[in-house]
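Student:
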Amino acid sequence: MEIESITREAIETLVEAIESRDLRSVRRALHPTASWQNVPHPAAEGREAVIALLDGILCFSERVQWDVLRTSVDGTSASVERVDRFWLQGDEYAVACHGIFSVDIATRTVISVRDYVDVGEWQQRVSPMLSKMASRPSLDVVSAHLEAIKTGVALTVAAHYALDATIECSASKVVGWDGIADYYAAVGTQPELRTLAWDFVESKGRDAVAVDWRLSAVGDTMRSGRDHYEVRDGRIIYLMTTLQLNAP
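For the sequence shown, my numbering begins at 148 and goes up steadily by one.
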């Protein structure tokens, strides 16, 4: 009975992490050797491969909701029937799924998922939208990112970055999606962020965008600078911030 309770809890933790769209939480809910197969496609093997599999749909979605219809637990495995709902560009997409989940009891994490998905719905509606979002002009991607910054919600901002993205500013560097999410969570707590303004946003070719900005600081000083963005497949892969202190 205790084993089945742990199994159920581990699966619920993963579902909650997926609904949060926080890749850090998803990673914690998965075993290091986790695998995920969307039948009939080959399985993603290893936790980082699973994160890469889920990354696109989770980060492109404004909202994710998994409606679990029925769960049947047997030891360390469970059959989970559900409807996966994703909101992309304001529209809802619902995909029926039946997953077989296995849990590692020692770590209380999900070690494997074999998912039987409504392939027709996915290929006809979801996949074309994901392709459309991945092919957006770099200027559109960065403009959406700037709008997200105004919300002050770290996950909304981090969603615009690729898994292997890098942020550089002066002598500091942040590498990877998790670190970038942590970075924006810290920046979002700073009250002066509310005084951030953009003066200039310009495309610098197919995959690059330049942004000039001003940030009012405590006292009579103001900071300003230029951000250089590089975009790949609808996500930011690189941001270099050049600062100019004590601007008039």
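Ideal placement from N, C-alpha and C gives every residue a C-beta, glycine not left out.
Which residues in the same chain have their Cβ closer than 7 Å to the Cβ of Q212, if we skip the five residues on either side of it in sequence?
Tutor: Working through the sequence shown from its first residue, we reach residue 212 at position 65. Within the same chain, Q212 has close Cβ partners E166, R232.
Student: The beta strand (DSSP E) that contains T223, what's its start and end?
Tutor: Counting from 1 along the sequence shown, the entry for residue 223 is found at position 76. Note, T223: premise wrong, no beta strand (DSSP E); not H, not E.
Student: Could you give the distance in angstroms between the alpha-carbon of L390 and the alpha-carbon of L362?
Tutor: Taking the sequence shown and counting its residues from 1, one reaches residue 390 at position 243. Taking the sequence shown and counting its residues from 1, one reaches residue 362 at position 215. If I take the Cα positions, the gap works out to 11 Å.
Student: Which residues does DSSP pair with L235 in a beta bridge?
Tutor: For the purposes of this step, residue 235 is identified with residue 88 of the sequence shown, where counting begins at 1. In the DSSP output, where bridge partners are listed per residue, L235 has D238.
Student: Report yes or no: do three or more beta-carbon pairs, one from the region 270-280 and one from the region 172-180, lie closer than 8 Å?
Tutor: Contact fails: fewer than three Cβ-Cβ distances are below 8 Å.
Student: Considering only heavy atoms of the ligand SAH, does any lie closer than 7 Å to the CB of A243?
Tutor: Of ligands this structure carries none, so the ligand SAH is not represented either.
Student: Please list, in chain order, all residues of the same chain as E429 whose beta carbon is under 7 Å from its beta carbon, the five residues on each side excluded.
Tutor: No answer is possible for residue 429: it lies beyond the span of the chain, which begins at 148 and ends at 395.
Student: Helix, strand or coil, according to DSSP, for P395 in the structure here?
Tutor: Locating residue 395 in the sequence shown gives position 248, where the first residue counts as 1. With a pLDDT of only 47 at P395, under 50, the local geometry of the prediction cannot be trusted, and the value read off the model is given with reservation. In the structure shown, P395 sits in coil (DSSP, three-state: anything other than H, G, I, E or B).
Student: Helix, strand or coil for R283, going by three-state DSSP, please let me know.
Tutor: Taking the first residue of the sequence shown as position 1, residue 283 is located at position 136. Coil, per DSSP.
Student: Is DSSP giving K320 helix, strand or coil here?
Tutor: Working through the sequence shown from its first residue, we reach residue 320 at position 173. K320 falls in the strand class under three-state DSSP.
Student: So, S219 versus I247, is the Cβ gap smaller than 8 Å?
Tutor: Taking the sequence shown and counting its residues from 1, one reaches residue 219 at position 72. Taking the sequence shown and counting its residues from 1, one reaches residue 247 at position 100. Not in contact: S219 and I247 (Cβ atoms no closer than 8 Å).
Student: What does the Cβ neighbour count give for V358, buried or exposed, with the cut at 16 atoms within 10 Å?
Tutor: Working through the sequence shown from its first residue, we reach residue 358 at position 211. The residue is buried, with at least 16 neighbouring Cβ atoms inside 10 Å.
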